[in-house]
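Positions 193 to 441 (this note's numbering) are the ones given, in order, by the sequence shown.
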Amino acid sequence: MLSKHYQLSVILVEPQHPGNIGAVCRAMGNYGVHELRLVRPCDTSHPDAVALAAGNDDLLREASHFADLPAALADTHQSYAFTRRSGRLRGRMVESTDLPAQLIDLPRGSHVALVFGRERSGLTLDEIICCSKGVAIPTLGAKGSLNLAQAVVVALYELHRRPPDESPPQDTLPPRSELEPMFLQMETVLDRIGFVNQSCRAASMGRLRLLLQRARPDTTELSLLRGMWSQLEQSIKDWPGRKRGEPKG
Ligand code: SAH
């Protein structure tokens, strides 16, 4: 199941291979998506479609059929045209990895459509422009075009990875002011054990501060760090200390 807060449809525009439609149904079954819309498809009762649906042929039978893309999109609120062509769509394209972030602010109950094109020629510019945005799936090889059903799997997987209404519970991040006492503890201990050469103290401490800030410790991790420095401070309380350069032991 992808999300409880929006309704999701997959729309295929003029799919040409029955096997691909079946494989799309299989992918939808994998991710708990039930609504398939087909614009002028090839024969959906072909044995290849049923075979590749792998037990999800109910989606095939229950799919709604439309004469054109605007009709299929009529009751949707946001639609994403999957296309690798971005040339004339500057500013209206996102990458598939950004898809979950696109849906975060959607009002509850919105209907979202993911639109995919023909195997041979993809979506026309007119069809892409019917949609709210274009989505490209990043690829690395010389050929950027995925199989239709594989493109659907990637899209559903991306949405599954970070559904907007089910983001994992996160401990809160402490404000910067709460990091400062930990840094001071750290500096006290490191000074006391002679870890830092005084001539480059500021640079070294600055680096360590940056390193720890980059790790974005949450409140639990910050108390762990504070506990660690306190324990160290306590343990070396009666130790005479060592100046940098003094022999060890
Ligand atoms: N030969 C067509 C590709 C068709 S692949 C072309 O060059 O445009 C069938 C559909 O899968 C495409 O219309 C698109 O919706 C989707 N698709 C395939 N590869 C994609 C990619 N890299 N990014 C976004 N969508 C892709």
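Note that the Cβ used here is the ideal one computed from N, Cα and C, for glycine as well. These figures come from a predicted structure and were not determined experimentally.
Residue from the options whose Cα sits closest to the Cα of residue i
| i | options | result |
| --- | --- | --- |
| Val307 | Arg229, Ile428 and Asn389 | Arg229 |
| Asp235 | Val388, Val225, Ile320 and Gly211 | Gly211 |
| Pro385 | Trp431, Lys335, Gly301 and Glu413 | Sequence check: residue 385 is Ile here, not Pro. The option with the nearest alpha carbon to Ile385 is Trp431. |
| Val286 | Phe274, Val327, Pro299 and Leu251 | Val327 |
| Glu311 | Thr275, Gly398 and Ser369 | Thr275 |
| Tyr349 | Pro367, Ile329 and Arg368 | Ile329 |
| Asp240 | Ala264, Gln208 and Asp260 | Gln208 |
| Ser288 | Pro367, Val344, Leu414 and Lys429 | Val344 |
| Glu227 | Val304, Val202, Thr412 and Glu413 | Val202 |
| Thr412 | Lys429, Arg393 and Leu371 | Leu371 |
| Asp383 | Trp421, Leu403 and His197 | Trp421 |
| Leu351 | Pro233, Met374 and Val304 | Val304 |
| Leu404 | Arg393, Arg368 and Ser391 | Arg368 |
| Phe375 | Asn389, Pro409, Ile428 and Gly301 | Pro409 |
| Gly314 | Asp260, Val346 and Arg277 | Arg277 |
| Lys325 | Arg300, Asp290, Met397 and Pro366 | Asp290 |
Three-state secondary structure (DSSP) of residue i
| i | result |
| --- | --- |
| Gly386 | coil |
| Gln426 | helix |
| Leu414 | helix |
| Leu315 | coil |
| Gly441 | For Gly441, the predicted structure reports a pLDDT of 49, less than 50, and the residue's modelled location is therefore unreliable. The matter cannot be settled from this model. |
| Thr380 | helix |
| Leu251 | helix |
| Ser324 | coil |
| Leu204 | strand |
| Pro360 | Unreliable placement is indicated for Pro360, whose pLDDT of 44 sits below 50; the coordinate value is still reported in the next sentence. Note: Pro360 maps to coil in three-state DSSP. |
| Met420 | helix |
Element boundaries [alpha helix (DSSP H), containing residue i]
| i | result |
| --- | --- |
| Ala259 | Here Ala259 belongs to no alpha helix (DSSP H), and DSSP marks it neither H nor E. |
| Ala341 | Leu340 to Arg353 |
| Leu403 | Arg393 to Arg406 |
| Gly214 | Pro210 to Tyr223 |
| Leu244 | Pro239 to Ala245 |
Enclosing beta strand (DSSP E) for residue i [first to last residue]
| i | result |
| --- | --- |
| Glu287 | Met285 to Glu287 |
| Gln294 | Gln294 -> not in any beta strand (DSSP E); alpha helix (DSSP H) instead, spanning Leu291 to Leu295. |
| Glu169 | Residue 169 is absent from the model: the chain starts at 193 and stops at 441. |
| Leu306 | Ser302 to Phe308 |
| Ile273 | Looking at the sequence shown, residue 273 is not Ile but Ala. Unbroken beta strand (DSSP E) run through Ala273: Gln270 to Phe274. |
Whole-number beta carbon distance between residue j and residue i, since they are thought to touch under 8 Å
| i | j | result |
| --- | --- | --- |
| Leu204 | Val231 | 7 Å |
| Gln377 | Arg406 | That pair is no contact at about 19 Å. |
| Thr380 | Glu425 | 7 Å |
| Cys322 | Pro262 | 6 Å |
| Ile320 | Ala273 | 4 Å |
| Tyr223 | Leu298 | Wrong, their Cβ atoms sit about 18 Å apart, outside the cutoff. |
Residue-chain proximity (residue i, chain B), Cβ-Cβ < 7 Å
| i | result |
| --- | --- |
| Arg406 | Checking the listed chains, one finds no chain B in this structure; it contains a single protein chain. |
Sufficient close CB pairs (3 or more, under 8 Å) joining the segment 236-245 to the segment 263-270: no
The segment 207-227 contacting the segment 335-343, beta-carbon criterion three pairs below 8 Å: yes
At least three beta-carbon pairs within less than 8 Å, the segment 249-256 to the segment 215-228: yes
Three CB pairs or more closer than 8 Å across the segment 293-308 and the segment 328-336: no
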